[in-house]
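Undergrad:
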Amino acid sequence: MRAYPYRMETYDGAPEPSTEPDAEQPDAAQPAAEEPAAEEPSKLLPVAELHLHIEGTLEPELIFALAERNGIQLPYADLDELRARYEFTDLQSFLDLYYANMAVLQTEQDFADMTRAYLVRAAVAGVRHAEIMVDPQAHVSRGVPLETCVNGVASVLANSLEEFGISTLLIAAFLRDLSEESALEVLEQLLAMNAPIAGIGLDSAEVGNPPAKFERLFARAKEAGLRRIAHAGEEGPPSYIIDALELLDVERIDHGIRCMEDPELVEHLVEERVPLTVCPLSNVRLRTVDTLADHPLPAMLAAGLNVSVNSDDPAYFGGYVDDNFVQLETVLGLSEFDRVRLASNSIRSSFADEDRKAELLAELGHS
Ligand code: ADE
Ligand code: ZN
C-alpha cells in the first residue's frame, strides 16, 4: 500500500514547529496528478482505534432490527422517537440509555452482527487496528451468559484482518459503579473459559468510583498477563488519572482530558509518554466540554502529550473516527502535521505486535 506523501517521515514525537493550519505545503516531488484538488477532503490516514465500546456502536436501525428479531418491545415507537433521546446532559444520562438499549442483545448472533457492523464502518473510517471494549457485566447481569457475549464478539474479531483489513484485540471492561467483587468474579470466569481477551478496562460512572476501588482486580489481571487500561479524567478529577497509573498500573488512560487542570501531571504524562485516548465528539455530547471549539485537544498536542483520536460510542455521539477527524479539521483547523501525529500516536500506543505496528507506520510514511 502507498505511503502518505507528507513531510512527516522523520517525525519522532517532537512538538510541531508551527501551529498554522495550512503551514504544511504539499511535497513538491509528488506529480501534480497526485495532488488533491483544493476542495477535496483530506485523505484518510491509517489509524488505530484504541477507545471503542462495542455496545456503543449499536445504531438505532440495528436496535430496532434486533428488537424485532428477538420479540422485544422497545419503549420507543420509531427511530425518530429513539433518536430524540440522544440529547445527553452528562455521562450518566448517556449511560442510562446505553444500558437500556443493550436489552436487544440476546444471542451470539446479535453480538456478532453488532461487531460486524462496526468493522464495516470502521474500515471506511480508515481504522486498520482496533482494540475493542465489551462490558460483560452489563450482559451477565440481565441473564445473558458470558459465553454468548464473548463468543459472539470474538467470532467476528477472529477474521477481522482477512475480512476487513483490521487487526483487532478484545478488552473486557469492568463497570466501576458495581463492586470489585463482581468484577473479580467475572474476570475469574473469563480466565477459566480462556476467553480471547488481551486486557481489561474500567468504565461506566466515574465520579465517586475512584481507581482505588479496583486495586485487587487490576493486580489479578496483571498477574494473569493481561494489558490494563482505565477511563480516568473524563468527568473525574486529575487525581483519578494519577491513581489509575499508580494504583492500577494501567498502560493507557481513556479520555484523560482533565489532566490539563494539573500542570505537574501533564509534565509527568509527557515525560512518560502515557497514551491518552481522547474522544472529542463524545466529550461534546456528554458536555464535558461546551463545544468542539473549546476542546483541549490542541492544547494537549501543544503540550506534547501522547494523544490519539477515538470514537468511544460512535452510534450515540454523532460519528466514527473519520467524523471526529473531519470535525477537528473543520472546527479547530487541525493541521495535516497533527493529523499524522495523532495517527502515529494511535498506532504506537496500541497493543498490536511490533510487526503490525511497523506495517501500519510504514503505510503512514513513518517506517
Ligand atoms: N461506557 C461507554 N461509554 C463510556 C464513557 N464515555 N465513559 C465511561 N463509561 C462508558
Ligand atoms: Zn469510553
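Under numbering that gives the first Met the number 0, the first residue of the sequence shown is numbered 0, with each subsequent residue one higher. From the three backbone atoms N, C-alpha and C, an ideal C-beta is built for every residue, glycine too.
Are the CB atoms of Asp277 and Val249 nearer to each other than 8 angstroms?
TA: As a first step, residue 277 is located in the sequence shown; it is residue number 278 there, counting from the start. As a first step, residue 249 is located in the sequence shown; it is residue number 250 there, counting from the start. The amino acid at residue 277 is misidentified as Asp; the sequence shows Val. Their beta carbons are not under 8 angstroms apart, which means Val277 does not touch Val249 by this criterion.
Undergrad: Can you find a heavy atom of the ligand ZN that lies under 7 angstroms from the Cβ of Asp322?
TA: Position 323 of the sequence shown, counted from the start, is the residue given in the question as residue 322. No; taking the cut-off as 7 angstroms, the Cβ of Asp322 has no heavy atom of the ligand ZN nearer than that.
Undergrad: On the three-state DSSP scale, how would you describe Thr56?
TA: As a working note, residue 56 is residue 57 in the sequence shown. In this structure, Thr56 counts as helix in the three-state DSSP scheme.
Undergrad: Under 7 angstroms from any heavy atom of the ligand ADE, does the C-beta of Glu130 make it?
TA: Position 131 of the sequence shown, counting from 1, holds the residue named residue 130. No, the ligand ADE has no heavy atom inside 7 angstroms of this Cβ.
Undergrad: Is the stretch 117-127 touching the stretch 311-325 in the sense that three or more CB pairs, one from each, lie closer than 8 angstroms?
TA: Yes: at least three Cβ pairs fall under 8 angstroms.
Undergrad: Could you pull out every residue in the same chain whose Cβ sits closer than 7 angstroms to the Cβ of Pro59, ignoring the five residues on either side in sequence?
TA: Walking along the sequence shown from the start, residue 59 turns up at place 60. Closer than 7 angstroms at the Cβ level, and outside the excluded window around Pro59, lie Leu78, Leu81, Arg82.
Undergrad: Using 10 angstroms around the beta-carbon of Gly364, count the other beta-carbons present and answer buried if the total reaches 16, otherwise exposed.
TA: Here the question's residue 364 lines up with position 365 in the sequence shown. Classification for Gly364: buried.
Undergrad: Which value, in whole angstroms, describes the spacing of the CA atoms of Ser154 and Asp261?
TA: Working through the sequence shown from its first residue, we reach residue 154 at position 155. Working through the sequence shown from its first residue, we reach residue 261 at position 262. Here the C-alpha atom of Ser154 lies approximately 42 angstroms from the C-alpha atom of Asp261.
Undergrad: Answer yes or no: the CB of Asp202 versus the heavy atoms of the ligand ZN, is any distance below 7 angstroms?
TA: Start at 1 with the first residue of the sequence shown, and residue 202 comes out as number 203. Yes.
Undergrad: At a cut-off of 7 angstroms, is His52 close to the ligand ZN when judged by its beta-carbon and the heavy atoms of the ligand?
TA: On the sequence shown, residue 52 is found 53 positions in, with the first residue counted as 1. His52: yes, Cβ under 7 angstroms from the ligand ZN.
Undergrad: With DSSP as the reference, label Arg82 as helix, strand or coil.
TA: Taking the sequence shown and counting its residues from 1, the one referred to as residue 82 is at position 83. If DSSP states are grouped into helix, strand and coil, Arg82 belongs with the helices.
Undergrad: Mind checking whether the beta-carbon of Asp134 lies closer than 7 angstroms to any heavy atom of the ligand MG?
TA: Looking for the ligand MG in the displayed structure turns up nothing; the ligands present are the ligand ADE and the ligand ZN.
Undergrad: Name the DSSP beta bridge partners of Leu51, please?
TA: By 1-based counting over the sequence shown, the position of residue 51 is 52. In DSSP, Leu51 forms a bridge with Ile131, Asp311.
Undergrad: On the CB-based measure, 16 or more other CB atoms within 10 Å of its CB, does Lys42 come out buried or exposed?
TA: Indexing the sequence shown from 1 puts residue 42 at position 43. Lys42 comes out exposed.
Undergrad: Using the three-state DSSP reduction, which class does Val206 fall into: helix, strand or coil?
TA: Taking the first residue of the sequence shown as 1, we reach residue 206 at position 207. Of the three classes helix, strand and coil, the one that applies to Val206 here is coil, per DSSP.
Undergrad: If you drop the 5 nearest sequence neighbours on each side, which residues of the same chain put their C-beta closer than 7 angstroms to that of Ile165?
TA: Translated into the one-based positions of the sequence shown, residue 165 becomes position 166. Closer than 7 angstroms at the Cβ level, and outside the excluded window around Ile165, lie Leu118, Ala121, Ala122, Val126, Arg127, His128, Ala129, Ser159.
Undergrad: Helix, strand or coil for Ile165 per DSSP?
TA: Walking along the sequence shown from the start, residue 165 turns up at place 166. It is coil, neither helix nor strand.
Undergrad: For my contact list, Met132 and His52 are in at a C-beta cut-off of 8 angstroms; report their separation, rounded to the angstrom.
TA: Indexing the sequence shown from 1 puts residue 132 at position 133. Indexing the sequence shown from 1 puts residue 52 at position 53. Contact flag correct, Cβ pair sits at about 5 angstroms.
Undergrad: Taking all protein chains shown into account, do 16 or more other C-beta atoms lie within 10 angstroms of the C-beta of Asn193, making it buried, or fewer, making it exposed?
TA: In the sequence shown, counting from the first residue as 1, residue 193 sits at position 194. Per the 10 Å Cβ criterion, exposed.
Undergrad: Taking C-alpha atoms, which residue in Arg338, Asp312, Leu333, Ala314 lies nearest to Ala292?
TA: Here residue 292 refers to the residue found at position 293 of the sequence shown. When each option's Cα is compared against that of Ala292, the closest is Leu333.
Undergrad: Based on the DSSP output, what are the partners of Asp253 in its beta bridges?
TA: Reading the sequence shown from its first residue, position 254 is the one you call residue 253. Asp253 pairs with His230, Thr276.
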